[in-house]
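Inspection log for the structure reproduced underneath, given as structure tokens.
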Amino acid sequence: MSIERTDIEQALDILGPGTRLDVLGENAELLRYAESEITAQHSERRLRVRVKVNRDGRTAGGTLETLDPIAVQVLADRLTAALADLPAPADQPEAPEAADTGTTPDLEQLVVEPAKSIVDCDPAVRHEWFTTVRDGLDQSARLGGAIRYDVLDRVVADSAGLFRSETLTKVSIQAIAKQDGQSASVKLVHRDADLIPIGDIPGRLREALRPLPAREPFRGTCRVLLKPSAVNTLIATFGHWALGAQHYASGRSVLAGRMGQQVVSEKLTLVDDATDSAGLVSGFDAEGNIRRRTPLIDSGVLTGVVSDRRRAELTGGVPTGHAVPDGWRFGGDPVPSHLLLDAGDVTEDELLAECGSGLVVNRLDYLRVLHPKQTLVTGTTRDATYWAEDGKLVAWHPQLRFTFRMDEVLNAVLAVGAIREIGDQTFMDSVVVPSLLIDAGPLVLA
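Residue numbers for the sequence shown follow my numbering, so the first one is 490 and each next one is one higher.
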């Protein structure tokens, strides 16, 4: 779904001075399957137009699903009326609405090349992927999950002359296999379908569904080995609540006022970098700010937060490129978007050996935040949760619920894995993380 610049310019003319448009054209192709059979094929085309108008210190916004001039004019009239009804603002200087236009070399927008394997998608490929995974499993196993191809056309433009555009591609496959009352899952994400190792998935699932006895739930404290999918959820949730400039400045972050201090284990180094090809690359945010590589934690020490225009004073007066869309369902404050946790030098076998007797968690189904300032969360495990003895997997462990403080867990890291995996979250574009071995204490099995 290409977005024509002439349509954007026409809409800006209709809406008038002080307008910013954030336009997203979504093209999604989805294949779902359950019980080893394809259950649905879905194709979706959608245009979302977010409009923000700022005049004389008053701000109003709205959304459209078209750039048709008649619809744009209707919204323009409504926004003009809404602005007129707003009270006069206090006499204070207004922050500029236009994003930096990138006139200096370090502000050049990243040129993102869309992957042809996604743009020129063929439904037969998705069917072949499904067949490869299904036929690679034992006959008694049942396969469920989904394959999704996304092409996202993005434009951010304003009435002051800003115009940024890019086309992003993304493919994801989730494969959940069930056998003998147990389940295991693999999720792979990339910007290029040709780089998804489909042939590896059956073997990973077969290995995960190993014939082990089931044990009773362990109660108490023990070491916990979090595999990359579980670390993905942990790091993304921690970053969302702790590493945004607004949360930091308002004191809602557990890290507020601790810049330059040790805040997590010295084994952890974390950056947000939308230009790193290890994740899903992107050039700009919802305000049109260039995305910048932003160091956040260096060997456990807090070194930065991410910002938008409103909170750019915390990042040297320049936004880091982390403004979120207007009306975003996860809040309006700047938050990380492309997290990358440095790998360590410990193999997966060595991590398991160092775990000794403890829990191995392949996936956290979700984490729900109970107390943001304390980073207190609750969540459940899902798919291939094991018990280890003397560094070897000896039993399936029942799925369980954790309640813990994320900052305490991240301070209890004993070792970091050498292999990273890329994943995503509904509130974050991409997360690239290794396995983490957590010492006994902060994760209590009750």
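Every residue, glycine too, gets a C-beta built ideally from N, C-alpha and C.
Everything numeric in this text was worked out from a predicted model, so none of it was measured.
Would you give the residue range spanned by the beta strand (DSSP E) that Gln671 belongs to? Numbered from its first residue, the sequence shown carries residue 671 at position 182. Unbroken beta strand (DSSP E) run through Gln671: Gln671 to His679.
Among Asp815, Val770 and Trp876, the one whose alpha carbon lies nearest that of Ser826: As a working mapping, residue 826 is identified with position 337 in the sequence shown. That would be Val770, whose Cα lies nearest to the Cα of Ser826.
Mark Ala577 as exposed unless 16 or more other C-beta atoms lie within 10 angstroms of its C-beta, in which case mark it buried. Counting from one through the sequence shown, the residue named residue 577 turns up at place 88. Flag for Ala577 reads exposed.
Please state the DSSP three-state secondary structure of Arg693. Here residue 693 is taken as the residue at index 204 of the sequence shown, counted from 1. Arg693 falls in the helix class under three-state DSSP.
Which residue from Ala719, Val753, Pro923 and Ala664 puts its Cα closest to that of Thr854? Residue mapping note: residue 854 aligns to position 365 of the sequence shown, counting from 1. The question names Thr, but residue 854 in the sequence shown is Asp. Selected option, being the one with the closest Cα: Ala719.
Pair every Cβ in the segment 697 to 705 with every Cβ in the segment 637 to 646, then say whether three or more of these pairs are closer than 8 Å. Contact check between the segment 697 to 705 and the segment 637 to 646: fewer than three CB pairs, one atom from each, fall below 8 Å, which does not count as touching.
Start and end of the alpha helix (DSSP H) containing Arg781? Numbered from its first residue, the sequence shown carries residue 781 at position 292. Run containing Arg781: none; DSSP gives neither H nor E here.
Sequence-distant residues of its chain with Cβ nearer than 8 Å to Val850 (five each side left out): Along the sequence shown, read from residue 1 onward, the residue named residue 850 stands at position 361. These residues qualify, in order along the chain: Val713, Leu714, Leu715, Lys716, Ala719, Thr870 and Thr874.
Beta strand (DSSP E) containing Gln530: first to last residue? Mapped onto the sequence shown, residue 530 falls at position 41. Judged by DSSP secondary structure, Gln530 falls within the beta strand (DSSP E) whose first and last residues are Glu526 to Arg544.
Roughly how many angstroms lie between the CA atoms of Asp669 and Ala549, to the nearest whole one? Locating residue 669 in the sequence shown gives position 180, where the first residue counts as 1. Locating residue 549 in the sequence shown gives position 60, where the first residue counts as 1. Taking the straight line joining both Cα atoms gives about 56 Å.
Neighbourhood of Gln567 by C-beta distance below 8 Å, restricted to the same chain and skipping five residues each side: Numbered from 1 along the sequence shown, position 78 holds the residue referred to as residue 567. Sequence inspection shows Arg at residue 567; the Gln mentioned does not correspond to that position. Correct list, in chain order: Gly551.
With a cut-off of 8 Å on the beta carbons, I'd call Ala832 and Gly906 a contact; round off their distance for me. If you number the sequence shown from 1, residue 832 lands on position 343. If you number the sequence shown from 1, residue 906 lands on position 417. That pair is a contact at about 7 Å.
Using DSSP's beta-bridge definition, name the partner residues of Leu504. Reading the sequence shown from its first residue, position 15 is the one you call residue 504. In the DSSP assignment, no residue is bridged to Leu504.
On the three-state DSSP scale, how would you describe Glu910? Along the sequence shown, one-based indexing puts residue 910 at 421. Strand at Glu910.
Determine the burial state of Tyr755: buried for a count of at least 16 other Cβ atoms within 10 Å of its Cβ, exposed for fewer. Locating residue 755 in the sequence shown gives position 266, counting from the first residue. Note that residue 755 is Glu in the sequence shown here, rather than Tyr. Classification for Glu755: exposed.
DSSP three-state label for Gly733, please. Against the sequence shown, residue 733 aligns to sequence position 244. Reduced to three states, the DSSP call for Gly733 is strand.
Evaluate Phe893 with the Cβ neighbour count: other Cβ atoms within 10 Å of its Cβ, from every protein chain shown; 16 or more gives buried, anything less gives exposed. The residue given as residue 893 occupies position 404 in the sequence shown. By the neighbour-count criterion, in which 16 or more other beta carbons inside 10 Å mark a residue as buried, Phe893 falls on the buried side.
Candidates Ile527, His531 and Met748, of which the one nearest Asp619 by Cα: Position 130 of the sequence shown, counting from 1, holds the residue named residue 619. What sits at residue 619 in the sequence shown is Phe, not Asp. For Phe619, the closest C-alpha among the options Ile527, His531 and Met748 is that of Ile527.
Contact under 9 Å by Cβ, Met917 with Leu828: Residue numbering aside, residue 917 sits at position 428 when the sequence shown is read from its first letter. Residue numbering aside, residue 828 sits at position 339 when the sequence shown is read from its first letter. Pairing Met917 with Leu828 gives a Cβ-Cβ distance under 9 Å.
Between Gln671, Ser661 and Phe707, which has its C-alpha nearest Ile440's C-alpha? Because the chain here runs from 490 to 935, residue 440 falls outside it and cannot be looked at.
Three-state class that DSSP yields for Asn721 in the structure shown: Translated into positions along the sequence shown, residue 721 becomes position 232. Here Asn721 sits in helix by DSSP.
Looking only at its chain, what residues have a beta carbon closer than 7 Å to the beta carbon of Arg781, apart from the 5 residues adjacent to it on each side? On the sequence shown, residue 781 is found 292 positions in, with the first residue counted as 1. Within the same chain, Arg781 has close Cβ partners Thr809 and Gly810.
Cα-Cα separation between Gly546 and Leu575, rounded to whole angstroms: By 1-based counting over the sequence shown, the position of residue 546 is 57. By 1-based counting over the sequence shown, the position of residue 575 is 86. Rounded to the nearest whole angstrom, the CA to CA distance from Gly546 to Leu575 is 10 Å.
So what's Gly688 in DSSP terms, helix, strand or just coil? The residue you call residue 688 lines up with position 199 of the sequence shown. In the structure shown, Gly688 sits in a helix (DSSP, three-state: H, G or I).
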